[in-house]
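Working notes, structure below.
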Amino acid sequence: MATPQFETVKIALDDGIAVLTLNRPGILNAWNTQMMMDMRAAIEWTDHDDAVRVVIVTGEGRAFCAGADYSPSATPEEQEATRAMNIASRSVDGNFRDGAGLFTLRLFDSLKPIIAAVNGPAVGAGATIQLGMDIRLASTEAEIGFVFVRRAATPEGCPTWFLARHVGLQTAFEWI
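All residue numbers for the sequence shown refer to my numbering, where the first residue is 13 and numbers rise by one.
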């Protein structure tokens, strides 16, 4: 199966290892609707390509993912799409879920093991998407932040469920 090309994600496949690189380094790989769609399609591809045995997700440049893209450089349409991505939407199971939450659950359901290779800052969505992966490895440059409450926002991406199971309830309370 041919390796797909995406706007915001680079893919490299070598000896059964698919490396998915978040590729918006100029804005620290800030998460937007296009990146979510590209990553979802990339995970679908890795699940269905028998040549892929494991998936590694990392970030281009000095960051893993700086969270949702609310940068002034984003067009008004991109800013609105990012806001809409974080608003609850009905999923196939009939429950309301945010876009990042649906994506995190998709990672959790992947048929292939997924490893987060956190190479730098991972904030907001950059922190929560890792929680649906099987293994999380962080470099000495990694800084992970669950900054939702400091921004008066409800945590998206399912951290209230996943984080307590990874680090325990008390630590999850402290981090969030």
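Here a beta-carbon is modelled for each residue, glycine too, at the ideal position from N, C-alpha and C.
C-beta contact flag for residue i and residue j at 8 Å
| i | j | result |
| --- | --- | --- |
| ALA112 | GLU168 | yes |
| ILE156 | VAL69 | no |
| GLU72 | ASN44 | no |
| VAL31 | ALA54 | no |
| GLY132 | ARG74 | yes |
| MET51 | PHE115 | yes |
| ASP27 | LEU123 | no |
| VAL66 | ILE23 | no |
Unbroken alpha helix (DSSP H) run spanning residue i, endpoints
| i | result |
| --- | --- |
| GLU19 | Looking at the DSSP string, GLU19 is not in any alpha helix (DSSP H), and its letter there is neither H nor E. |
| GLY138 | 137–140 |
| ASP110 | Where ASP110 is concerned, there is no enclosing alpha helix (DSSP H), given that its DSSP letter is neither H nor E. |
| VAL179 | 171–179 |
| GLU168 | Premise fails: GLU168 is in no alpha helix (DSSP H) and is neither H nor E. |
| ASP59 | 45–60 |
Cut-off 7 Å between Cβ atoms - residues of its own chain near residue i, not counting five sequence neighbours on either side
| i | result |
| --- | --- |
| ARG148 | ALA128, VAL130, GLN142 |
| LEU25 | THR15, ALA63, VAL64 |
| ALA176 | ALA184 |
| ASP61 | MET13 |
Strand pairing of residue i, partner residues [DSSP]
| i | result |
| --- | --- |
| GLY71 | LEU34 |
| ILE147 | ILE127 |
| ASP26 | ILE29 |
| PRO133 | GLU155 |
| ALA80 | TRP43 |
| VAL161 | According to DSSP, VAL161 bridges with nothing at all. |
First through last residue of the beta strand (DSSP E) which encompasses residue i
| i | result |
| --- | --- |
| GLU155 | 155–157 |
CB contact below 8 Å: residue i versus chain B
| i | result |
| --- | --- |
| LEU143 | Protein chains in the displayed structure number just one, and chain B is not present. |
Residues of its chain near residue i, where Cβ-Cβ distance is below 6 Å and the 5 sequence neighbours each way are ignored
| i | result |
| --- | --- |
| PHE174 | LEU143 |
| PHE18 | ASP50 |
| ALA150 | VAL130 |
| ILE39 | SER83 |
| MET47 | THR20 |
Same chain only: Cβ atoms within 8 Å of residue i, ignoring 5 sequence neighbours per side
| i | result |
| --- | --- |
| TRP187 | PHE158, LEU175, VAL179 |
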